[in-house]
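Trainee: Residues 6 to 210, numbered by my numbering, are exactly what the sequence shown covers, in order.
Ideal Cβ positions, reconstructed from N, Cα and C, are used throughout, including at glycine.
Just so it is clear, the structure is predicted and the values come from calculations on it, not from any experiment.
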Amino acid sequence: MNIKPLYRINKFVLPLVLCLALFSCVSNNPNKGEEVKVYRVSDLAQIQPVAIDAIRASAATLSNALSTTIDTAGFKEAIAYCNLNANHLLNNISEEYGVTIKRTSSQLRNAANTPSDDEQLILDFYASQESLGKECVGEMSVVDGIYKYYQPIFVMDNCTKCHGIKGETLNKKASKKIAELYPNDQATGYEAGDVRGLWVVTFKK
Ligand code: HEC
Numbered sequence: 006m007n008i009k010p011l012y013r014i015n016k017f018v019l020p021l022v023l024c025l026a027l028f029s030c031v032s033n034n035p036n037k038g039e040e041v042k043v044y045r046v047s048d049l050a051q052i053q054p055v056a057i058d059a060i061r062a063s064a065a066t067l068s069n070a071l072s073t074t075i076d077t078a079g080f081k082e083a084i085a086y087c088n089l090n091a092n093h094l095l096n097n098i099s100e101e102y103g104v105t106i107k108r109t110s111s112q113l114r115n116a117a118n119t120p121s122d123d124e125q126l127i128l129d130f131y132a133s134q135e136s137l138g139k140e141c142v143g144e145m146s147v148v149d150g151i152y153k154y155y156q157p158i159f160v161m162d163n164c165t166k167c168h169g170i171k172g173e174t175l176n177k178k179a180s181k182k183i184a185e186l187y188p189n190d191q192a193t194g195y196e197a198g199d200v201r202g203l204w205v206v207t208f209k210k
């Protein structure tokens, strides 16, 4: 795999660039014949707003669907709703934008959201930023010649009902339903402000 940092939106350039450089060295590029991507500003200018817009649309869609289901049917049903519809809703928005939109995390609920190597690298980078008390912001890279945009997902108060601490913020009925549908769930124990995971927007080649 060939991962190249493309564009750093924040100012903490060094750790990730070092990380990515190390990664590229370890995994030397098997596709020697592949055209080397030239990083033009026009690409960035086109890609970044599309990614941010697609994420905004995705977050709004999931959040509206979730709050409507919670209001009308309750937390337990909202878990079942997410289980059936979250990735389906994201697929629809992906099609609309001509990209792939995904959510991933180091502590997964749904194994279908498992991070790829480059996504795990960004998750680890955000974890180190968090532990240093530094800001986590959008990142971009080129993976095997394909543009990817990553954005941290932060936990808000209302997320803790389904991702919070057992016996404290985690809703009891939700907890029971989660155990039933996701026996290997790791996505609890979060507090508001924590990084829950990533949005990943992958562009077509
Ligand atoms: C009603 C319960 C509920 C609430 C509230 C909720 N989630 Fe989730 N969350 C789920 C379920 C269920 C899944 C698994 C969805 C699936 O099967 O694709 C999930 C999956 C996720 C994932 C995908 C990664 C993974 O672990 O599979 C992220 C990221 C996430 N939630 C973040 C949030 C954030 C941020 C909030 C608050 C804005 C939130 N959730 C609120 C139930 C909830």
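1. Rounded to whole angstroms, what is the Cα-Cα separation between Gly241 and Thr207?
2. Using the rule of at least 16 other Cβ atoms within 10 Å of the residue's Cβ for burial, across every protein chain shown, is Gly75 buried or exposed?
3. Along the chain, where does the alpha helix (DSSP H) that runs through Leu95 open and close?
4. Going by CA-CA distance only, name the one from Pro54, Trp204, Ile98 and Ala184 that's closest to Phe159.
5. How many angstroms separate the CA atom of Ala132 from the CA atom of Ile84?
6. Here's the rule: buried if 16 or more other CB atoms are within 10 angstroms of the residue's CB, otherwise exposed. What is Leu95?
7. Pro54: which of Ser180, Ala91, Glu144 and Tyr195 sits nearest, CA to CA?
8. Going by Cα to Cα distance, which pick from Ile170, His93, Phe80 and Ala56 is closest to Thr66?
9. For Thr105 versus Asn118, is the C-beta distance shorter than 7 Å?
10. Excluding five sequence neighbours on each side, which residues of the same chain lie with their C-beta closer than 8 Å to the C-beta of Gln241?
11. In three-state terms, what does DSSP make of Glu144?
12. Do the CB positions of Glu100 and Val200 come within less than 7 Å of each other?
13. As a quick exercise: from Ala78, Leu137, Cys87 and Val147, pick the residue whose alpha carbon is nearest that of Asp123.
14. Cα-Cα, which of Ser121, Leu128, Tyr102 and Cys87 is closest to Asn115?
15. Measure from the alpha carbon of Ile60 to the alpha carbon of each residue in Asn163, Phe130, Ile98 and Gly79, then state which is nearest.
16. Contact check, Ile52 vs Tyr152 under 8 Å by CB: the rounded distance?
17. Closer than 6 Å to a non-hydrogen atom of the ligand HEC - does that hold for the CB of Cys212?
18. Can you tell me which residues form a DSSP beta bridge with Val205?
19. Under a three-way DSSP split, which group does Val160 fall into?
20. Could you tell me which residues DSSP puts in a beta bridge with Val55?
Mentor: In short:
1. Residue 241 lies beyond the residue range present for the chain, which begins at 6 and ends at 210; the question has no answer from this structure.
2. If you number the sequence shown from 1, residue 75 lands on position 70. It is worth fixing the name first, because residue 75 is Ile in this sequence and not Gly. Buried: at least 16 other Cβ atoms inside 10 Å.
3. The residue you call residue 95 lines up with position 90 of the sequence shown. Element bounds for Leu95: Phe80 to Tyr102.
4. Taking the sequence shown and counting its residues from 1, the one referred to as residue 159 is at position 154. Restricting attention to Pro54, Trp204, Ile98 and Ala184, the CA atom closest to the CA of Phe159 is found in Trp204.
5. For this step, residue 132 is matched to residue 127 along the sequence shown. For this step, residue 84 is matched to residue 79 along the sequence shown. Pairing Ala132 with Ile84, the inter-Cα distance amounts to about 26 Å.
6. Within the sequence shown, residue 95 is the residue found at index 90, counting from 1. Buried is the label assigned to Leu95, since at least 16 other Cβ atoms lie within 10 Å of its Cβ.
7. Numbered from its first residue, the sequence shown carries residue 54 at position 49. Comparing Cα positions, the closest option is Glu144.
8. Residue numbering aside, residue 66 sits at position 61 when the sequence shown is read from its first letter. Ranking the options by Cα distance to Thr66, first place goes to His93.
9. Along the sequence shown, read from residue 1 onward, the residue named residue 105 stands at position 100. Along the sequence shown, read from residue 1 onward, the residue named residue 118 stands at position 113. Contact: no.
10. Lying before the first or after the last residue shown, residue 241 is absent from the chain, which here runs from 6 to 210.
11. Residue mapping note: residue 144 aligns to position 139 of the sequence shown, counting from 1. Judged by DSSP in its simplified three-state form, Glu144 adopts strand.
12. The residue labelled residue 100 in the question sits at position 95 within the sequence shown. The residue labelled residue 200 in the question sits at position 195 within the sequence shown. No; because the gap between Cβ atoms is not below 7 Å, this pair is not in contact.
13. Mapped onto the sequence shown, residue 123 falls at position 118. Selected option, being the one with the closest Cα: Val147.
14. As a first step, residue 115 must be located in the sequence shown, where it is residue number 110. For Asn115, the nearest C-alpha among the options comes from Cys87.
15. For the purposes of this step, residue 60 is taken as residue 55 along the sequence shown, with counting starting at 1. For Ile60, the nearest C-alpha among the options comes from Ile98.
16. Translated into the one-based positions of the sequence shown, residue 52 becomes position 47. Translated into the one-based positions of the sequence shown, residue 152 becomes position 147. Indeed, because the Cβ distance is near 5 Å, the residues count as touching under 8 Å.
17. In the structure as shown, the chain begins at 6 and stops at 210. Residue 212 is therefore absent and cannot be evaluated.
18. Counted from its first residue, the sequence shown places residue 205 at position 200. In DSSP, Val205 forms a bridge with Lys107 and Tyr155.
19. Your numbering for residue 160 matches position 155 in the sequence shown. In the three-state reduction of the DSSP assignment, Val160 falls in the coil class, being assigned neither a helical nor a strand state.
20. In the sequence shown, the residue the question calls residue 55 occupies position 50. Val55 pairs with nothing; no bridge assigned.
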